[in-house]
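Start counting the sequence shown at 533; every next residue gets the next number (the numbering used here). Heads up, the beta-carbon is just placed ideally off N, CA and C, and yes, glycines get one too. The structure presented is a predicted model; accordingly, all values stated were derived computationally and were not measured.
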Amino acid sequence: MARYTNLKAQGAIERNSLRSSAAGTCRGQGATEYLVLLGAVLLIGVIVVALLGFFPGTAPGISITESQSYWRTVARPIQITDASASTDGSTSTTLTMAVQNTRTDFLTINSVTVDGSNSTPSGLPVTIKPGGTTRITVSIASVCPAYTSYGMHFGYATSGVGNQTQTGEKPLVVQCGSACLNNAGVDVGPCASGYSCCCSGYSNAKCLNVCIECG
533 MARYTNLKAQ GAIERNSLRS SAAGTCRGQG ATEYLVLLGA VLLIGVIVVA
583 LLGFFPGTAP GISITESQSY WRTVARPIQI TDASASTDGS TSTTLTMAVQ
633 NTRTDFLTIN SVTVDGSNST PSGLPVTIKP GGTTRITVSI ASVCPAYTSY
683 GMHFGYATSG VGNQTQTGEK PLVVQCGSAC LNNAGVDVGP CASGYSCCCS
733 GYSNAKCLNV CIECG
């Protein structure tokens, strides 16, 4: 009887051991499948990022909203309160910016450099009064895509201090289209052919603070 009891107990132990082993195997398989799935997701993410980087015109890195927030509120002492880009469709792009002096004294912009491009600013040097805004245009020897981003560098001088530099911590993201600025409050020059530009502070019967079709 004792021998039968021992055999019965041994069988129960073996069954429990088999069940534990099977459960461990299932857990191990589940963990392996999870790691494989996670690896596949990460690989897809890397491929997507690489493809977006290969097409910089479609993926500027940050949104226009993020770029505008930085350049309109965070950048110092030169802020870009509005910007737009227009292209001739074949060889060049004109970047037009409304820039503001946030200092309490006069500031003179001596140079503007755009990363990764052969760029030529016009109308420099230009002196801006405290809190004042002016227009700067930069000719870029490339055609802008629908959306593009530019790393911006300014060389400037203030009262008694020359040869200072400001490099944007975030790129300037613009939509390529008409050369007019919205709500700039400064003379931004002519629109693309067939369009009319309205800016705050300027009276116009069609003023919508946007470039609108004439007619």
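In the three-state reduction of the DSSP assignment, Arg667 falls in the strand class.
Each of Val631, Trp603 and Glu701 was checked against the Cα of Gly663, and the nearest Cα belongs to Val631. Rounded to the nearest whole angstrom, the CA to CA distance from Asn650 to Ala563 is 53 Å. Where Ser599 is concerned, the enclosing alpha helix (DSSP H) starts and stops at Ile596 to Ser601.
For Pro657, the number of other beta carbons within 10 angstroms of its own is below 16, and it is reported as exposed. Considered as a whole, the region 595 to 645 harbours 596 to 601 as its complete alpha helix (DSSP H) runs of no fewer than 4 residues, in chain order. Pairing Tyr566 with Ala607, the inter-Cα distance amounts to about 45 Å. In the DSSP assignment, Ala689 falls within the beta strand (DSSP E) that extends over Met684 to Thr690. Assignment of beta-bridge partners to Cys708 by DSSP yields Ala617. If you draw a straight line from the Cα of Thr640 to the Cα of Thr690, it is about 6 Å long. Sequence-distant Cβ neighbours of Leu704 in its own chain, meaning closer than 7 Å and more than five residues away, are Ser599, Trp603, Ile612, Ala615, Ser681, Tyr682 and Met684. Judged by DSSP secondary structure, Pro653 falls within the beta strand (DSSP E) whose first and last residues are Ser651 to Ser654. Apart from sequence neighbours up to five positions away, the residues of its chain that approach Thr669 with a beta-carbon distance below 8 Å are Thr626, Leu627, Thr628, Met629, Pro653, Ser654, Gly655 and Gly721, ordered along the chain.
Between the beta-carbon of Ser671 and that of Ser624 there is about 6 Å, and that keeps the pair under the 8 Å contact cut. By the neighbour-count criterion, in which a residue is buried when 16 or more other Cβ atoms sit within 10 angstroms of its Cβ, Ile576 is exposed.
In this structure, the CA atom of Ile594 is about 16 Å from the CA atom of Asp647. Using a Cβ distance threshold of 8 Å, Asn695 and Ile660 do not count as a contacting pair.
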